[in-house]
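Peer 1: Start counting the sequence shown at 10; every next residue gets the next number (my numbering).
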Amino acid sequence: MLRKLFKRHTSSTVNIDEHNVPRHVAIIMDGNGRWAKRRGMPRSMGHRAGADVLKEIVIAADEIGVKALTVYGFSTENWKRPEQEVSLLMALIKEYLQKNVQYMHEHNVRIRFIGYIQGLSEELQTIISDSEALTKNNTGLTLQLAINYGGRDEIVRTVQGIAHSVLEGQLAVQDITEQYVSSHLYTQEFSDVDLLIRPSKDYRISNFLLWQLAYAEFWFTDLHWPDFTKETLLEAIAAYQKRERRFGGLQEE
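Right, here's the structure in full:
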């Protein structure tokens, strides 16, 4: 059934096992600027092209059976970029939500935001809150947009919250477990990542989901994010399904 579904969407079919689809996929959407530069375009055009790709990949991931898709939209380190580019990225995030939230809602996608949202403009915070409220009862794929997000920052803020609970007498130190920490991260119910995808020839995680990637499988491609397609996503999942996940254990003979 799954193979027939994707024959409608792609020129070729990648065989994947519908019973072994990664539950949680994370993507570092990299290469927008380089994609634009190679075409003699301003970086802004690359970011816009990347935003268009995300819409297609969300729906494709949902059709495949992925339960959660977490994408790196804007990191805590991105504030170091030129002010003009930061302003553009913030405007694009706002524009993307205004244009696509209703579409996502109609496709039963639930939207969540992870990161230090309080550090964003009040206008963007309102749009984010409205987007989450509109889609909170949807039962399809959960799209987690990492905005003003940093993996170290997330862990620090989580530890601060836990320490506060201990000081207030609401939590005993011995009750702090891996499971407790995981449930208090931004990602909550979708803490552990199964598959991390990074395009654009970079082989690093760039402070993304440091806790959640502990046992994730990594898949890299030379394609820049604006060239990423549904077929590329299928290739990544097919590669994931060929790997044996041992989680620190031994391979069975």
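Cβ coordinates follow ideal geometry from the N, Cα and C atoms, glycine included. This one's a predicted model, so the numbers in the text were calculated from it and none came from an experiment.
So, at 7 Å on beta carbons, what are the nonlocal neighbours of Ile164 in its own chain, with the 5 sequence-adjacent residues on each side left out?
Peer 2: Start at 1 with the first residue of the sequence shown, and residue 164 comes out as number 155. So the qualifying residues of the chain are Leu219, Trp220.
Peer 1: Assuming contact is defined by CB atoms lying nearer than 9 Å, are Ser140 and Ile120 in contact in what I supplied?
Peer 2: Here residue 140 refers to the residue found at position 131 of the sequence shown. Here residue 120 refers to the residue found at position 111 of the sequence shown. It is a contact, given that the beta carbons lie within the stated cut-off.
Peer 1: Measuring alpha carbon to alpha carbon, tell me which of Asp231, Arg166, Gln197, Leu154 ends up nearest Leu78.
Peer 2: For this step, residue 78 is matched to residue 69 along the sequence shown. It is Leu154.
Peer 1: Note the first and the last residue of the continuous beta strand (DSSP E) segment covering Gly170.
Peer 2: Here residue 170 refers to the residue found at position 161 when the sequence shown is read from its first residue. Counting along the chain, Gly170 falls outside any beta strand (DSSP E), though it belongs to the alpha helix (DSSP H) covering 160 to 176.
Peer 1: Just reading off the alpha helix (DSSP H) that Trp44 is part of, what are its end residues?
Peer 2: The residue given as residue 44 occupies position 35 in the sequence shown. Its alpha helix (DSSP H) spans residues 41 to 47.
Peer 1: According to DSSP, which residues form a beta bridge with Tyr81?
Peer 2: On the sequence shown, residue 81 is found 72 positions in, with the first residue counted as 1. Ile37, Ala155.
Peer 1: In this structure, how does DSSP classify Glu253 when only helix, strand and coil are distinguished?
Peer 2: Against the sequence shown, residue 253 aligns to sequence position 244. Looking at Glu253 - three-state DSSP - the assignment turns out to be coil, as it is neither helix nor strand.
Peer 1: What residue range does the alpha helix (DSSP H) around Arg90 cover?
Peer 2: Start at 1 with the first residue of the sequence shown, and residue 90 comes out as number 81. Element bounds for Arg90: n/a, residue is neither H nor E.
Peer 1: In its own chain, which residues sit with a C-beta less than 7 Å from the C-beta of Ser53, not counting the 5 before and 5 after it?
Peer 2: Counting from 1 along the sequence shown, the entry for residue 53 is found at position 44. Excluding sequence neighbours, Ser53 sits near Leu97.
Peer 1: What is the DSSP secondary structure of Leu228, counted as helix, strand or coil?
Peer 2: Translated into the one-based positions of the sequence shown, residue 228 becomes position 219. It should be pointed out that residue 228 corresponds to Trp in this sequence rather than to Leu. Secondary structure at Trp228: strand, using DSSP grouped into helix, strand and coil.
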